[in-house]
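Taking it in order: structure first as structure tokens, then the write-up.
Number of protein chains: 2
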Amino acid sequence: MGKYSLGLDFGTLDGRAVLVDVRTGEELATTVYTYTDGVIDEVLPDSKTKLDPDWALQNPADYLGVLKCAIPEVLKKSNVSPKDIIGIGVDFTSCTILPIDKQGTPLCMKDKWKSNPHSWVKLWKHHAAEPYANRLKDIALKRQEKFIHRYGDKISSEWMLPKIWQVLEEAPEIYEATDRFIEAGDWLVLQLTGKERRSSCNAGYKAIWDKKEGYPSPEFFAALHPRLKNVVEEKLSTDIYPSGSKAGGLTPQMARLTGLKENTPVAVEIIDAHSAVPATTVTQPGKMVLTMGTSTCHMLLSKEQKFIPGIPGVVEDGILPGFFGYEAGQAAVGDIFDWFVSNYVPVSYEKEAQKLGINIYRFLEEKASKLKPGENEIIALDWWNGNRSILNNADLSGLLLGLTLNTKPEDIYRALIEATAFGTRMIMETFVNNGLPIDELYACGGMPHKDKMLMQIYADVTGREIKIASSRQASALGAAMFGALAAGSEAGGYDSIEEAVIHMASLEKKTYIPIPENVEVYNQLFTEYRKLHDYFGREGNQIMERLKRR
Amino acid sequence: MGKYSLGLDFGTLDGRAVLVDVRTGEELATTVYTYTDGVIDEVLPDSKTKLDPDWALQNPADYLGVLKCAIPEVLKKSNVSPKDIIGIGVDFTSCTILPIDKQGTPLCMKDKWKSNPHSWVKLWKHHAAEPYANRLKDIALKRQEKFIHRYGDKISSEWMLPKIWQVLEEAPEIYEATDRFIEAGDWLVLQLTGKERRSSCNAGYKAIWDKKEGYPSPEFFAALHPRLKNVVEEKLSTDIYPSGSKAGGLTPQMARLTGLKENTPVAVEIIDAHSAVPATTVTQPGKMVLTMGTSTCHMLLSKEQKFIPGIPGVVEDGILPGFFGYEAGQAAVGDIFDWFVSNYVPVSYEKEAQKLGINIYRFLEEKASKLKPGENEIIALDWWNGNRSILNNADLSGLLLGLTLNTKPEDIYRALIEATAFGTRMIMETFVNNGLPIDELYACGGMPHKDKMLMQIYADVTGREIKIASSRQASALGAAMFGALAAGSEAGGYDSIEEAVIHMASLEKKTYIPIPENVEVYNQLFTEYRKLHDYFGREGNQIMERLKRR
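These protein sequences, in sequence, are chains E and F.
Following the working numbering, the numbering of the first sequence begins with 1 at its first residue and continues without gaps.
Following the working numbering, the numbering of the second sequence begins with 1001 at its first residue and continues without gaps.
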């Protein structure tokens, strides 16, 4: 009789439940629940309250929908008995935060607040806190706060404190009514266990917390705004737990809702991208993990702590215990391809694809894969959603250069893919030039399994062999692995992540090896990319900011 | 009983015949003949011989098709008797040239040569002679040739001598077999009249000829290539005639082919854009004429000769007798919009437009016209077909900057229109800063009648009132006006272009007046455009050239 662990993976558009065999890593069943309200970026669900550009909210009811619908469904599908499910792990997008009251109820679920946009979940890609992020950074640098160096001297508008500051400034009544600002992932664990167990992963990467130094000082917060002075004490949890530790057991109420067994161990939440690291078999330095989806996250382990300009986070125990975990990211990757495919593909292509019986992505890939590197004569800057690493500037925007009357959709499509590969190389070089070597790349997420041309371009652009996680849902598998850790060996789980990796994670046979002649061409093109990157991204010409801020 | 003049207008994709009442300017009938082979830019009509990128050829049989089909048809439609047709005028794209033998037969019509691409007509937008244009310019500058200053110190790859040099270098056997290299417009007049009457307009703007100085010297040509030393004497006509003069009378053979009367006076050919100047009522300095179509031509008259950097032509009597005619141009305008509409409009838009019963251009215009200036947050460089004025560099390419995940097709469509308006402003400022004032703009061509938003954007970007020619086919009307000049007053025509303008040309009532608040925003955005223009177009970053030349 097997032992199983349940991984719950909360993404940007949906949440999924995956039931995994703890001994083999086999994924027995998966169910996906698509959020009803998805990304709320134009108008609140009341259809009346309009949002400014750069806003991106979510409805926490959608997260509960995952528990209520996806878990019973996965039990039914797999035919596994709840008593054989030894642990539950949760991964979540981040930094995705919401204000809750003393009972843990989101303010947006209360009639009094629901028409105020600030009462809703601020999704990771909510960028309207940009001015607060910039002021926070400026004040930190001026005060020579040590913490700012841990984040490459930059603060992202996606992070928790700029988002909280935005609430205070723009909706002080919501700030006042809030008992806790909480990461959505931590809130989910609170729903499952009745206990708030703040994850070190979130606190470290997204809330300027450090295992040794803690949060910034009240004096620093007071320098931002007098009312923020005691924000940590008043509005945040300071009980912080590493990934893989047990948060608590499933409450009776949740057991009823989900069909799982009462008291099933639940792990402390982990950021979705980070959860994928062990699921991609990586537990050592020198192997960078890319989780590639709507955006891409780059993770690297090291025994050393270094402060790297432009790399926005180094957190002790942040990814795996015993290592400093480094995280970098590109704010849009798959999102850019989707933007192009949804808005800029002509009827003739749609028809041809239909005739061939393939989807439009495959059709474009087929056409684009016939082009040699450089043949499209286009260089793009992949900043459609700003630049997270290494410039950390949400006001940057996308660029296409080299367009002619002969430019075809597949030329642009390929250039967009190449641009995201150059963006990844820029991040890698930043690590390498600061003494953190990268020998191999490990990829997971939706794209590596689907898009062969893209993976070969990444290998050719980066000059590294790329290995692919077997699982097509590495974050969810990672969550299940952390669930097995929460259960521990006594219950049939594991006591170390290395053990869990040996049994539960694996790689595809097919790897992507750089093709020397392509590497050479891309080396030249990367020089061009870097020049544009530095001209528009640093001090050369701040036209992108000016266009957005007009 | 009326008197009529026939205008023959040879464009890039078709040729048209327009029958005009000489006393009123009324256009009685128009017929359009679409070239069967159109622009030959991938493979020769034999379907076997492939062309390199940057090539653009035509088939002279298509020009004869216009004579044979469009003229009889326009006679039939108008019900006018051939004996009341007092003159014929011809305008043509330029510089569009072909090699012919002693009998005037195009080499591409001979079995021996037809599979050699160099035997065909090289269309104005054939850009494969770029290296020769650059070498010609470099050698001229090094030798301190005076003529180069008349062309703003630049030589375009679209012009006659680089194209001839390309033939010599790449197909010496064709060069050898050629009796004359001739402008297609002059060839057409040769077909009609049996006489070669080279137009001063073509010779001056496109073949480095000057009324006082003649062609460059044999020594200069020898410095290019020993075989070119006597190119003028051996391969070009030196009998050069101003626009509006009579080339000859219609031959019996052509009278039979077309149904016109033998000996009907035919005017010396004029470049299509230039032909539009009198048709737009302009016969004085200070009024810039824009002929707006696939590309845009900017023409200005002056009593003074000035050498303006980046303005590629000042020709005495080149547009109208008694004036120095200045010509500048944007190599792609409507072509860019067509590129976008043909390749980058999604199915959903096509469907919506269909539902509304409007074409996709109008649909995009409706959406784009709802945007305020600057609201799209995009700046484009309008170099999809290189930059003719003021940079004269065919290796430049298009750029889109400011793209985000929220960018919609109408945002880009509007940015493309704005970019072409900025390009026009850049040309205007170059004239004005060099002492040639521009008080008003006069527009003709297809776009000014169709696209209100575009015209308002041009008025707002340039800060000038824009008046529109009544005729929707100003070049053809202009050709008919020159036909009336060739006939002269004795035959019921005119002896001066001013007289012809009074009777035959008129303006629309609706004019476009700059809106002050838009002018202000566009002044700011033009500053951004200029900065990008100078960075990528001058010495800042020659990435566009490098990408094309890899």
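By construction, the Cβ of each residue, glycine as well, lies at the ideal position given by its N, Cα and C atoms.
- Could you check which residue in Arg1198/F, Arg1256/F, Gly1248/F has the C-alpha nearest to that of Lys1235/F? Arg1198/F
- Taking Trp551/E as the query, report the chain F residues whose CB atoms sit under 7 Å from its CB, ordered along the chain. Residue coverage of chain E in this structure runs from 1 to 550, which leaves residue 551/E outside it and unanswerable.
- Task: Say whether chain F places a C-beta atom closer than 8 Å to the C-beta of Val377/E.
- Result: Note on residue identity: the sequence assigns Glu, not Val, to residue 377/E. By this cut-off, Glu377/E is an interface position.
- Query: Under the DSSP definition of a beta bridge, which residues are partnered with Lys1467/F?
  - Reply: Tyr1442/F
- Message: Quick check on Gly1249/F: buried or exposed, where buried means 16 or more other Cβ atoms within 10 Å of its Cβ?
- Response: buried
- Have a look at the DSSP bridge pairing and note the partners of Glu1213/F. In the DSSP output, where bridge partners are listed per residue, Glu1213/F has none listed.
- Message: Check this for me: beta carbons of Glu1269/F and Val1189/F, under 8 Å apart or not?
- Response: yes
- Message: Buried or exposed for Lys1107/F, going by 16 or more other Cβ atoms inside 10 Å?
- Response: In the sequence on display, residue 1107/F carries Leu and not Lys. Answer is buried; the Cβ neighbour count reaches 16.
- Using Cβ-Cβ distances below 8 Å, what residues of the region 326-353 of chain E are close to chain F? Ala332, Asp335, Ile336, Trp339, Ser342, Asn343, Tyr344, Val345, Pro346, Val347, Glu350
- Task: Whole angstroms is fine: what's the gap from Leu1403/F's alpha carbon to Leu547/E's?
- Result: 11 Å
- Message: Using DSSP's beta-bridge definition, name the partner residues of Asp21/E.
- Response: Tyr4/E
- Message: Counting only beta-carbon separations shorter than 8 Å, does Glu1528/F have a partner in chain E?
- Response: yes
- Query: Between which two residues does the beta strand (DSSP E) harbouring Asp1411/F extend?
  - Reply: Premise fails: Asp1411/F lies in the alpha helix (DSSP H), 1409-1433, not in any beta strand (DSSP E).
- Query: In angstroms, rounded to a whole number, what distance separates the CA positions of Glu1375/F and Gly1540/F?
  - Reply: 28 Å
- Item | Gly1025/F to Ala1353/F span [Cα, whole Å] | 37 Å
- Item | Spatial distance of Ala1443/F from Met1426/F (CA atoms) | 17 Å
- DSSP state of Leu1067/F, grouped into three classes? helix
- Message: I'd like the span of the alpha helix (DSSP H) that includes Met453/E, first residue to last.
- Response: 452-462
- Task: Could you check which residue in Asp62/E, Ser78/E, Gly152/E has the C-alpha nearest to that of Val121/E?
- Result: Asp62/E
- Query: What residues in the region 1517-1548 of chain F bring their beta carbon closer than 9 Å to a beta carbon of chain E?
  - Reply: Val1521, Gln1524, Leu1525, Glu1528, Lys1531, Leu1532, Tyr1535, Phe1536, Gly1540, Asn1541, Ile1543, Met1544, Arg1546, Leu1547, Lys1548
- Message: With the cut-off set at 8 Å, would you say Tyr1205/F and Gly1322/F are in Cβ contact?
- Response: no
- Task: Using a Cβ cut-off of 7 Å, pull out every chain E residue sitting near Lys1408/F, in sequence order please.
- Result: Asn343
- Please name the residue, chosen from Asn433/E, Pro162/E, Ala421/E, that lies closest to Ser295/E on a Cα-to-Cα basis. Ala421/E
- Task: Output, in sequence order along the chain, the residues in the region 1478-1494 of chain F whose CB is closer than 9 Å to any CB in chain E.
- Result: none
- Query: Beta carbon of Ala332/E, beta carbon of Leu1405/F: below 8 Å?
  - Reply: yes
- What are the boundary residues of the beta strand (DSSP E) that includes Lys1287/F? 1287-1292
- Query: Which residue from Ala1184/F, Ala1474/F, Ser1489/F puts its Cα closest to that of Thr1281/F?
  - Reply: Ala1474/F
- Task: Taking only heavy atoms of the ligand FMN into account, decide whether any of them is closer than 7 Å to the Cβ of Met1453/F.
- Result: The ligand FMN is not part of the structure shown, which contains no ligands of any sort.
- In terms of residue numbering, what span does the beta strand (DSSP E) encompassing Ile515/E cover? No beta strand (DSSP E) holds Ile515/E; DSSP gives it neither H nor E.
- Task: Measure how close the beta-carbons of Asp1272/F and Asp1091/F come, nearest whole angstrom, since I'm counting them as under 8 Å.
- Result: 4 Å
- Item | Residue-level contact to chain E via CB, Arg1550/F, 8 Å cutoff | yes
- Task: Check each candidate in Phe1482/F, Asn1523/F, Glu1158/F and name the one with the smallest Cα separation from Glu1418/F.
- Result: Asn1523/F
- Query: When you compare each of Ile1085/F, Asp1395/F, Leu1441/F, Pro1045/F to Arg1538/F by their alpha carbons, which one comes out closest?
  - Reply: Asp1395/F
- Message: Within 10 Å of its beta-carbon, does Ile1468/F have 16 or more other beta-carbons around it, so buried, or fewer, so exposed?
- Response: buried
- Can you list the beta strand (DSSP E) stretches of 3 or more residues lying completely in the region 357-384 of chain E, in chain order? 379-381
- Query: Going along the chain, which unbroken runs of the beta strand (DSSP E) with 3 or more residues stay wholly within the region 1195-1248 of chain F?
  - Reply: none
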